[in-house]
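For the sequence shown, the numbering used here begins at 3 and goes up steadily by one.
Built from N, CA and C at the ideal position, the CB exists for glycine as well.
Before any comments, here is the structure.
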Amino acid sequence: MRVLVVDDDAQLVRAMRIDLRARGYGVDTAPDGGTALAVAGERPPDLVLLDLGLPDMEGVEVLEGLRNRTSAPVIVLSARHSETEKVRSLDAGADDYVTKPFGMDELLARMRAAARRSVHVEEAPVVRTPDFTVDLGAKRVIRDGAEVRLTPTEWHILEILARNPGHLISQRRLLHDVWGPAYAKETNYLRVYLAQLRRKLEPDPARPRRLITEPGMGYRFEPGE
Numbered sequence: 003m004r005v006l007v008v009d010d011d012a013q014l015v016r017a018m019r020i021d022l023r024a025r026g027y028g029v030d031t032a033p034d035g036g037t038a039l040a041v042a043g044e045r046p047p048d049l050v051l052l053d054l055g056l057p058d059m060e061g062v063e064v065l066e067g068l069r070n071r072t073s074a075p076v077i078v079l080s081a082r083h084s085e086t087e088k089v090r091s092l093d094a095g096a097d098d099y100v101t102k103p104f105g106m107d108e109l110l111a112r113m114r115a116a117a118r119r120s121v122h123v124e125e126a127p128v129v130r131t132p133d134f135t136v137d138l139g140a141k142r143v144i145r146d147g148a149e150v151r152l153t154p155t156e157w158h159i160l161e162i163l164a165r166n167p168g169h170l171i172s173q174r175r176l177l178h179d180v181w182g183p184a185y186a187k188e189t190n191y192l193r194v195y196l197a198q199l200r201r202k203l204e205p206d207p208a209r210p211r212r213l214i215t216e217p218g219m220g221y222r223f224e225p226g227e
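Have a look at this one:
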């Protein structure tokens, strides 16, 4: 796996490069957003570690630029602890958010989880609704004749729900399968990502017909007629 580390803290980047290479990862680095976008265009990464506090542009701008170049998972690394920043990053397409300082073991675990979520699944059915179509094999969603761009995490949640139409999928199962067993209580993650999916897929996100919440229990995918 090739990892792109985007951070202007030279000491941190040096330490991460040593740690990651020692564990068998290929590593590219970028000290600013412009360099990061150029590197991602030339050598598409398998995963991106992105600091929000970059010298030339906002980290969220870089994130949006990366999403136009690659579908690789993006894990935000930031000293900003506010929920607003986390939600803003997740809305812009981040797959996870790690606050500094962080332990290397935790970061590696989150990288492995993000990589698992992005693994391609061969040969799978197509699930059709009156509003959009989910091609589970091609990992594509079509709405109004055009492909809807989803982040890897958005796709993984939708995939689990679409493979179990009409069935209640518990919050605990979704959190476990998408983020891992350590995230069993992070229900706010699900609220953020389901809101994103509804904005992209539901004709009326405030009155969803396909992605249904069962309060306190979980979520159901209703293909409809």
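If we count the other Cβ atoms within 10 Å of its Cβ and call it buried at 16 or more, is residue i buried or exposed?
i       : result
Val-129 : buried
Leu-92  : buried
Leu-170 : exposed
Ala-1   : Nothing about residue 1 can be read from this structure; the chain reaches only from 3 to 227.
Ile-20  : exposed
Phe-104 : exposed
Arg-201 : exposed
Pro-183 : exposed
Met-1   : The shown model of the chain, from 3 to 227, leaves out residue 1, and the question about it has no answer.
Glu-124 : With a pLDDT of only 39 at Glu-124, under 50, the local geometry of the prediction cannot be trusted, and no value is derived from it.
Leu-154 : Just to set this straight, residue 154 is Pro in the shown sequence, not Leu. Its Cβ being crowded by 16 or more others within 10 Å, Pro-154 is buried.
Gln-173 : buried
Gln-198 : buried
In whole angstroms, what separates the C-alpha of residue i from that of residue j?
i       : j       : result
Leu-6   : Val-150 : 25 Å
Arg-4   : Ala-42  : 11 Å
Gly-168 : Glu-87  : 34 Å
Ala-117 : Leu-49  : 7 Å
Asp-206 : Met-18  : 44 Å
Arg-145 : Val-76  : 25 Å
Arg-209 : Thr-215 : 11 Å
Gly-220 : Glu-44  : 41 Å
Arg-90  : Val-180 : 20 Å
Arg-119 : Ala-81  : 25 Å
Trp-194 : Thr-72  : A small fix is needed here, since residue 194 is Val in this sequence, not Trp. Rounded to the nearest angstrom, the two C-alpha atoms are 22 Å apart.
Gly-36  : Asp-30  : 14 Å
Leu-22  : Gly-226 : 46 Å
Arg-16  : Ala-94  : 27 Å
Phe-223 : Glu-85  : 28 Å
Asp-107 : Val-143 : 35 Å
His-122 : Leu-192 : Residue placement at His-122 is poorly supported in this model, since its pLDDT is 45, which falls under 50; the coordinates are not used for a value here.
Pro-217 : Leu-110 : 33 Å
Leu-203 : Ala-12  : 41 Å
Glu-63  : Val-8   : 13 Å
Give me the Cβ distance between residue i and residue j, rounded to the nearest whole Å; I'm assuming they're in contact under 8 Å.
i       : j       : result
Asp-10  : Leu-56  : 6 Å
Ala-74  : Pro-46  : 7 Å
Arg-212 : Asp-133 : 6 Å
Leu-177 : Ala-186 : 5 Å
Gly-67  : Leu-39  : 5 Å
When you compare the stretch 96-107 with the stretch 136-144, are there three or more beta-carbon pairs, one atom per stretch, that lie closer than 8 Å? no
Quick one: complete alpha helix (DSSP H) runs, 4+ long, within the stretch 22-90? 35-44 and 61-69
Unbroken beta strand (DSSP E) runs of length 3 or more, entirely within the stretch 100-176: which are they? Listed in chain order, the complete beta strand (DSSP E) runs (minimum 3 residues) inside the stretch 100-176 are 128-130, 135-137 and 142-145.
Count the CB pairs spanning the stretch 150-166 and the stretch 51-68 that are closer than 8 Å, and state whether there are at least three. no
Give, in chain order, every unbroken run of the beta strand (DSSP E) that is at least 3 residues long and sits entirely within the stretch 200-224. Annotation note: the stretch 200-224 contains the following uninterrupted beta strand (DSSP E) runs of length 3 or greater, listed N- to C-terminal: 213-216 and 220-223.
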